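A.B. asks: In UniProt numbering, the protein residues as written are 1 to 328. Using N, Cα and C, we set each Cβ at its ideal position, and we do this for glycine too. Since this is a predicted model, take the numbers as computed values, not measurements. One structure, pasted below without further comment.
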């Protein structure tokens, strides 16, 4: 038996509760992991609240991230005692996830935890931090350099934004934080933001197809009207990496930034990212994300707090990163 957060459906209503689950109920997989920690991401908030039709079969164990120690493995890539992490691959959606003391998964979904990083550190990064690193890699591959100019990070006080600012600053870039919570200015400056822009002022005025060129790049976790405005302000030949839709999935723009300024809209998918690129991103995280800044932006909560926190993250009330101690 193991302890888990279980979702049940009754007459279309989703409820979450702590339950004891039999090991025999675990789904198929060639590696069994004793889970130490999971995380709370925006998608977790949607899943726990039954939004987006991300889960089709109940009862279900959510949690799109996990980190822990291999207990059993029939795959030669891993052996008992190995420290591993998992993000993506629809775990926590289509396959039971990390809000549990034990998980059984496919070996191909697992990534070895980089040397010098603990299971806690891996989940302090989690999907949000991994996605931030993928976005930065994409911007660099499309020409971003440390002397290019200001890089706008939207949704700056959230998980993706916080990690993106810390990495960009540590690598010598100039991250500018766009936030709807200007009360977090000291927090964002502490992570390395060189300037704070209030979302309200950023969106002031009627949008125009092209506005004054400002940004050498952008990591956008918001989407919607914010992404539309970012596109109109990108400098010639520069790029925005789109990683989220906290501000809505709809994008109203024109082809003008693309045709007249040659800008690039880069889509970032962390779910089905190939293993080779995953390992490259995690190696960069281990090298370029200062652990003191990571720990400063990270909070820890017990498994039983997940339902409350799942509501909070959807309202934009969770700052930085939230690690879930599944054994607390």
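Buried or exposed for residue 87, please, with buried defined as at least 16 other CB atoms from any protein chain shown within 10 angstroms of its CB.
C.D. replies: Buried, because 16 or more other Cβ atoms sit within 10 Å of the Cβ of residue 87.
A.B. asks: So, helix, strand or coil for residue 206, using DSSP?
C.D. replies: Reduced to three states, the DSSP call for residue 206 is coil.
A.B. asks: Taking 7 Å as the limit between beta carbons, can you name the residues of its chain near residue 229, skipping five residues before and five after?
C.D. replies: Closer than 7 Å at Cβ, skipping near neighbours: 202, 203, 207.
A.B. asks: Helix, strand or coil, according to DSSP, for residue 215 in the structure here?
C.D. replies: The answer is strand: DSSP assigns residue 215 an E or B state.
A.B. asks: If residue 247 sits next to residue 222, beta carbons under 8 Å apart, how far is it from one beta carbon to the other, in whole angstroms?
C.D. replies: Residue 247 to residue 222, Cβ: 4 Å. Contact.
A.B. asks: What ranges does the beta strand (DSSP E) occupy inside the region 248–317, keeping only unbroken runs of at least 3 residues that lie completely in it?
C.D. replies: Runs found: 264–267, 298–302.
A.B. asks: Just to confirm my understanding: we take residue 171, look at its own chain, exclude 5 residues before and 5 after, and list those with CB closer than 6 Å. What are they?
C.D. replies: Answer for residue 171: 288, listed in chain order.
A.B. asks: Roughly how many whole angstroms lie between the Cα atoms of residue 178 and residue 20?
C.D. replies: Cα to Cα, residue 178 sits roughly 43 Å from residue 20.
A.B. asks: Going straight from the alpha carbon of residue 329 to that of residue 256, what length do you get?
C.D. replies: The question about residue 329 has no answer, for the chain in this structure spans 1 to 328.
A.B. asks: Take residue 26 as the anchor and find which of 50, 36, 4, 76 has the nearest alpha-carbon.
C.D. replies: Nearest of 50, 36, 4, 76 to residue 26, Cα basis: 4.
A.B. asks: Compute the distance between the beta-carbons of residue 166 and residue 192, then report whether it is under 7 Å.
C.D. replies: Cβ distance < 7 Å, so residue 166 and residue 192 count as in contact.
A.B. asks: Taking the beta strand (DSSP E) that residue 159 belongs to, which residues open and close that run?
C.D. replies: That residue, residue 159, is in no beta strand (DSSP E); its alpha helix (DSSP H) goes 159–170.
A.B. asks: For residue 307, which option in 37, 56, 1, 63 has the closest C-alpha, if you only look at C-alpha atoms?
C.D. replies: It is 63.
A.B. asks: Given a cut-off of 7 Å, decide if residue 70 and residue 33 are closer than it, judged by their beta-carbon atoms.
C.D. replies: Contact: yes.
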